[in-house]
Amino acid sequence: MGSILNPGMPSLRTKSYRLSLEETAALPPEFDARKAWPKCSIIGEIRDQGNCGSCWAFGAVEAMSDRICIHSNGTEVVRISADDLISCCGIKCGFGCNGGIPENAWKYWVEDGIVTGGLYDSHDGCRPYEIPPCEHHTEGNLPDCHGNARTPKCLRKCADNYSVEYNADKYFAASVYNVRANELEIMKEIITNGPVEADFIVYADFLTYRSGVYQHVKGGFLGGHAVKILGWGEENGAKYWLCANSWNSDWGDGGFFKILRGHNHCGIEGDINAGIPKPRK
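In structure tokens, the structure reads:
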């Protein structure tokens, strides 16, 4: 986890679609970005934030990476670096591994740019993730996610095995915004521009999710958490959002989960952030 909820008034402009009846009727009953943009297999990847409260960064860079691919028609497949965002955004975004503000991650993308960087020990991109994966409320071969890792240092330098200079590797947004807290408008944004970042309140019963449509029933408040929404659908009469978590692929349903849609359940529709990539020259 690690998302700082409701820090104040949104600092991003709010995008509103004001859908007509025809546009509303045209929205499909189910949608999966992995199937809609098959050239962008990156959309289906699950990352691992390790024992760092950096979900606010992971939900952002995953959606940014997806959108770069989508808006380039599959010609640019890069992984935007969570490590660079966590370490170099600094106080602008919050407190690194001790939590951050999702919308400020998007603001950083448009103002400062973010370099590439893949998973831990992947040697992929300029700044791959430095914190090793761990078991998030699951039993597996990795160590449990105990404690909280230190925020990586901001180096502003690419890894030695990477040939591109740090500033030259940066990707920027042309625009960033908050999507109005409306089910249909969020659906329109995803189907038009790609996955978005959302944050919500986590209760204890979410940790043991395995399948189905999550609805909070019992368990205490644990904190805020940010994720990527990549689609929607309906299962056994319950409408849901399809989300990618950053707790590795052995958590939940292959790293994904479904959560009740249309009722702002646990605040999932209350803070949706997104942006449009700036084309590379």
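Adding 56 to a residue's 1-based position in the sequence shown gives its number in this note's numbering.
Backbone N, C-alpha and C define an ideal beta-carbon position, used for all residues, glycine too.
Here the structure is a predicted model, which means the values were calculated and not measured.
Spatial neighbours of residue i within its chain, please: C-beta separation below 6 Å, excluding the five flanking residues on both sides.
i    : result
D88  : G287
D255 : S59, P158, G280, A282, D327
Please state if the CB of residue j and the CB of residue i are separated by a distance shorter than 8 Å.
i    : j    : result
G155 : W93  : no
E239 : N329 : no
Y153 : R74  : According to the sequence as given, residue 153 is Cys; it is not Tyr. Contact: no.
C190 : C214 : no
D122 : P184 : no
G173 : R212 : no
E325 : I257 : no
V235 : W165 : no
P333 : I99  : no
I142 : S178 : no
Y133 : C125 : Reading off the sequence shown, one finds Val at residue 133, where the question assumed Tyr. Yes.
Let me check understanding here. Comparing Cα to Cα, which of the options lies closest to residue i?
i    : options                : result
F277 : L263, E86, D122        : L263
Y265 : C108, R103, A300       : A300
Y296 : L316, G308, I285, F228 : L316
K226 : L77, N204, S137        : S137
S221 : Q271, Y270, I170, E241 : A small fix is needed here, since residue 221 is Glu in this sequence, not Ser. Here the closest residue by C-alpha is I170.
L83  : R236, Y270, K244       : K244
N197 : S219, F114, D306       : D306
S72  : S302, A237, I147       : A237
G310 : G293, L298, F114       : L298
G130 : Y259, M120, C149, K95  : K95
C149 : I102, H319, L61, H192  : L61
If you drop the 5 nearest sequence neighbours on each side, which residues of the same chain put their C-beta closer than 8 Å to that of residue i?
i   : result
P85 : G289, E290
E79 : Y73, K244
Kindly list the residues whose CB is nearer than 7 Å to the CB of residue i, restricted to its own chain and excluding five residues on each side of it in sequence; keep chain order.
i    : result
P188 : G106, Y176
N217 : H179
Label residue i either buried or exposed according to how many other C-beta atoms from any shown protein chain fall within 10 Å of its C-beta, with 16 as the threshold for buried.
i    : result
R90  : buried
N304 : buried
I285 : buried
N160 : buried
N249 : buried
A229 : buried
I147 : exposed
K163 : buried
L77  : exposed
K209 : exposed
S302 : buried
Got a sec: is the Cβ-Cβ distance from residue i to anything in chain D below 8 Å?
i    : result
Y227 : The structure shown has no chain D; it contains just one protein chain.
Where does the unbroken alpha helix (DSSP H) through residue i begin, and where does it stop?
i    : result
L77  : 77-82
P158 : 158-167
D140 : 138-144
H127 : 111-127
I246 : 239-249
K91  : 89-92
For the beta strand (DSSP E) that contains residue i, what are its first and last residues?
i    : result
G174 : It is not in any beta strand (DSSP E) - G174 carries neither H nor E in the DSSP assignment.
H179 : Here H179 belongs to no beta strand (DSSP E), and DSSP marks it neither H nor E.
F313 : 312-316
L278 : 277-291
V252 : 252-259
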